[in-house]
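Note that this note's numbering has the sequence shown beginning at 6, numbered continuously upward. Read the structure below first, then the notes.
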Amino acid sequence: MKKLPRTKNLKLYNLITDYPAQVLVRGKQNGSALIPFIIVLPMLILIAGYAMSLAVSSYRLAKQDQLHTHAQFATDAGIDYALQQISLDQNWAGTGVEVELLNDGSIKTTYQITVDNPDPDNKTVTAIGRTYRPVNAATPESSVKVLVNLRPVRSGDFSIVTGVGGLYLSNSAKIVGGDVFVNGEVSLINSSQIGLSTSPVNLEVAHQTCPNPPDATYPQLCSSGQNGQPISIQNQAHIYGDVKANNQVSTAGMSMNGLLASSGVIPQSLPPHDRDAQKAAVAETQTGTWASCDSNTEVRTWPANLKITGDVTIKKKCQITITGDVWITGNLDVSNSAQLIVADTLGTTRPNIMVDGQLGASFINSAALKSNVSNTGMQIITYYSRASCSPDCADVTGTDLYNTRNDVTISLDNSAEGAQSVYYARWSRVLINNSGQIGALVGQTVELKNSGTVTFGTSASSEVITAWIIDGYRRIFD
Numbered sequence: 006m007k008k009l010p011r012t013k014n015l016k017l018y019n020l021i022t023d024y025p026a027q028v029l030v031r032g033k034q035n036g037s038a039l040i041p042f043i044i045v046l047p048m049l050i051l052i053a054g055y056a057m058s059l060a061v062s063s064y065r066l067a068k069q070d071q072l073h074t075h076a077q078f079a080t081d082a083g084i085d086y087a088l089q090q091i092s093l094d095q096n097w098a099g100t101g102v103e104v105e106l107l108n109d110g111s112i113k114t115t116y117q118i119t120v121d122n123p124d125p126d127n128k129t130v131t132a133i134g135r136t137y138r139p140v141n142a143a144t145p146e147s148s149v150k151v152l153v154n155l156r157p158v159r160s161g162d163f164s165i166v167t168g169v170g171g172l173y174l175s176n177s178a179k180i181v182g183g184d185v186f187v188n189g190e191v192s193l194i195n196s197s198q199i200g201l202s203t204s205p206v207n208l209e210v211a212h213q214t215c216p217n218p219p220d221a222t223y224p225q226l227c228s229s230g231q232n233g234q235p236i237s238i239q240n241q242a243h244i245y246g247d248v249k250a251n252n253q254v255s256t257a258g259m260s261m262n263g264l265l266a267s268s269g270v271i272p273q274s275l276p277p278h279d280r281d282a283q284k285a286a287v288a289e290t291q292t293g294t295w296a297s298c299d300s301n302t303e304v305r306t307w308p309a310n311l312k313i314t315g316d317v318t319i320k321k322k323c324q325i326t327i328t329g330d331v332w333i334t335g336n337l338d339v340s341n342s343a344q345l346i347v348a349d350t351l352g353t354t355r356p357n358i359m360v361d362g363q364l365g366a367s368f369i370n371s372a373a374l375k376s377n378v379s380n381t382g383m384q385i386i387t388y389y390s391r392a393s394c395s396p397d398c399a400d401v402t403g404t405d406l407y408n409t410r411n412d413v414t415i416s417l418d419n420s421a422e423g424a425q426s427v428y429y430a431r432w433s434r435v436l437i438n439n440s441g442q443i444g445a446l447v448g449q450t451v452e453l454k455n456s457g458t459v460t461f462g463t464s465a466s467s468e469v470i471t472a473w474i475i476d477g478y479r480r481i482f483d
C-alpha cells in the first residue's frame, strides 16, 4: 500500500498522533449508554401505561361494586318493607311501581316489590333493587333481584315460661305471639327478636339468678346492683313490647313502650305436673323395642296410661296415635316425617308424655306432634337432673339446679314442630333450632337459635294474629 507523503498530511497526522487515547476511550464509553436507554425506555413506557390502565380498571370495578352494594341495600330495604306491609295487610300485592329509597344528586336507588300467593300458607316476594347514575338515567347501572319465600306464624293463647336459667335467643331467632315470663335472665344477640313491630310481646323478668357463683341457697332474687342487669341485648337484636324487669336500667334495643318498670316482678313457679299420679295410674307396660317404629307405612296406637321401659325411636313416616298418658323411662327420638298424633277421643284433654332419660326427647327434620280435631296437642315433659334423686326429685335447688339448667333434654331441629303442644324441661334446657309453630315452651332454660321462629299459642283462640316470616331467600340472575 502506497503511503502519502508526510508533508501533505501533516495536520492530519499530528491530529491523530497527538489526540489523547483516553479521550478516545471516554468517547466510546459515553456513546454506549444510549443502547440500554433505548432498550429500557419502551419498557418503562409499557409499565407506566399498564399501571395507568390497571388503576382505571380498578376504579371502574370499585365504582361498579359500590353501585351493586347500593342496589343490594335497596333490595333488602324493600324486603323489610314488604314484611311490614304483609303483616298489616295479608292481601298486600306489592308496590306496583319503583319506590325511591335514596337520591343524593349523583346516585339514585329504588326498590320494586311483587307478591304472589300460591296458597294460604305460602307467599312469594320478588324484590328488585336498582341503582341509577346519573339520577335521571333511563336504565339502571346495577340491579339486584331476590326471591323470598314467606310462611305464616300464628299467635294464640299460650305463653313462654322459663325458670331461673332464663331465655336465650341468637342469630335470627324470633318469638311471635304470647306473653313471656322469665324467672332468670334474658339474652338476645345478632338479629334475634322478641315480638314484632306489628305484633308486640309483653315480657316480665324476675332476675332470680343469685347468688353468683351459686351455692346451696341458689336461686334467690337479686338485689339492685347484684349480678348486673337481667336483660342483655347486643348487635341488632330487639324487643318489641312492654317490658318489666327487676334491676333493669338500660332501655337500649327496646321499643313499643319498652322498659316500663325496674321492680315489682314476682317469681313464678313453673306449671305443675303430678308425676307420682301418672306413675301410679300405669295400666300397661311395654319395652322400647315394642314401642319403636321404623317404617314408611306403619300406623300404631299407644294405649292410655302406658309405661315404656328403655329408649323409644320413631323414624321415617311412622304414625303413632296417643290415647292417653305415656311414661318413657329412657329417651324419645322422633325423626324424618314421623308423627305423634293426639287421638280425637281425648277431646280437650292434653296427654302427657313423660320422659326420664338423660338425653330426653329429640325431634328433628319434619317430625311433628299433631293435634286432634279439637286443636288439642300433647305435653312432652322431661325430668332428668344432676341431683342424686333424678328423675324422681320433688325439687331441685342449689348447684344441682344451676348445673342442670344447661343440660338439653328437649330439642327441636330443622322443621320439627307442634302447633298446640307444650315442651316442658322441668329442671333442664329446651333448645329450638330452626323450628316453626309451637304451643308453648317451658323449662329452667329456653334457647332459640339460628332462624327458628316460634309462635306460642293455639289456633283455637278467639283472635288469631298472623305474622309472615322469611322461610327462604335466594338471588335471581336474569
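Every residue, glycine too, gets a C-beta built ideally from N, C-alpha and C. All values reported here derive from a predicted model rather than from experimental measurement.
Where residue i sits in the DSSP three-state scheme
{"i": "L49", "result": "helix"}
{"i": "Y173", "result": "strand"}
{"i": "I474", "result": "strand"}
{"i": "A266", "result": "strand"}
{"i": "I443", "result": "strand"}
{"i": "Q425", "result": "strand"}
{"i": "Q225", "result": "strand"}
{"i": "G352", "result": "coil"}
{"i": "I40", "result": "helix"}
{"i": "L275", "result": "coil"}
{"i": "I84", "result": "helix"}
{"i": "S300", "result": "strand"}
Residue i to residue j span [Cα, whole Å]
{"i": "D94", "j": "N380", "result": "26 Å"}
{"i": "P277", "j": "S426", "result": "16 Å"}
{"i": "G126", "j": "W473", "result": "What sits at residue 126 in the sequence shown is Asp, not Gly. Rounded to whole angstroms, D126 to W473 spans 9 Å at the Cα level."}
{"i": "A309", "j": "T302", "result": "23 Å"}
{"i": "F482", "j": "I133", "result": "11 Å"}
{"i": "D85", "j": "V187", "result": "29 Å"}
{"i": "V287", "j": "K128", "result": "47 Å"}
{"i": "E190", "j": "Q89", "result": "29 Å"}
{"i": "G171", "j": "T114", "result": "43 Å"}
{"i": "T292", "j": "D349", "result": "25 Å"}
{"i": "A98", "j": "I118", "result": "8 Å"}
{"i": "E105", "j": "V140", "result": "11 Å"}
{"i": "A445", "j": "G230", "result": "32 Å"}
{"i": "G335", "j": "V317", "result": "7 Å"}
{"i": "I319", "j": "V435", "result": "20 Å"}
{"i": "V347", "j": "N438", "result": "24 Å"}
Residue environment, residue i, which counts as buried when at least 16 other CB atoms sit within 10 Å
{"i": "A79", "result": "buried"}
{"i": "I271", "result": "exposed"}
{"i": "V378", "result": "exposed"}
{"i": "G477", "result": "exposed"}
{"i": "I313", "result": "buried"}
{"i": "P224", "result": "buried"}
{"i": "K179", "result": "buried"}
{"i": "V45", "result": "exposed"}
{"i": "D405", "result": "buried"}
{"i": "I244", "result": "buried"}
Unbroken beta strand (DSSP E) run spanning residue i, endpoints
{"i": "D124", "result": "113-124"}
{"i": "E105", "result": "104-108"}
{"i": "M359", "result": "357-360"}
{"i": "E209", "result": "208-210"}
{"i": "R305", "result": "304-307"}
{"i": "W332", "result": "331-333"}
Endpoints, alpha helix (DSSP H) assigned at residue i
{"i": "T294", "result": "293-296"}
{"i": "G403", "result": "403-409"}
{"i": "K322", "result": "First-last for K322: undefined, no H or E at that position."}
{"i": "A282", "result": "280-285"}
### Query
Okay, do the stretch 388-407 and the stretch 358-375 touch, 3+ Cβ pairs below 8 Å being the bar?
yes
### Task
Spell out a yes or no on whether the stretch 225-245 and the stretch 193-204 are touching, meaning 3 or more CB-CB pairs, one atom from each, closer than 8 Å.
yes
### Query
Do the stretch 367-375 and the stretch 404-423 touch if we need at least three Cβ pairs shorter than 8 Å?
yes
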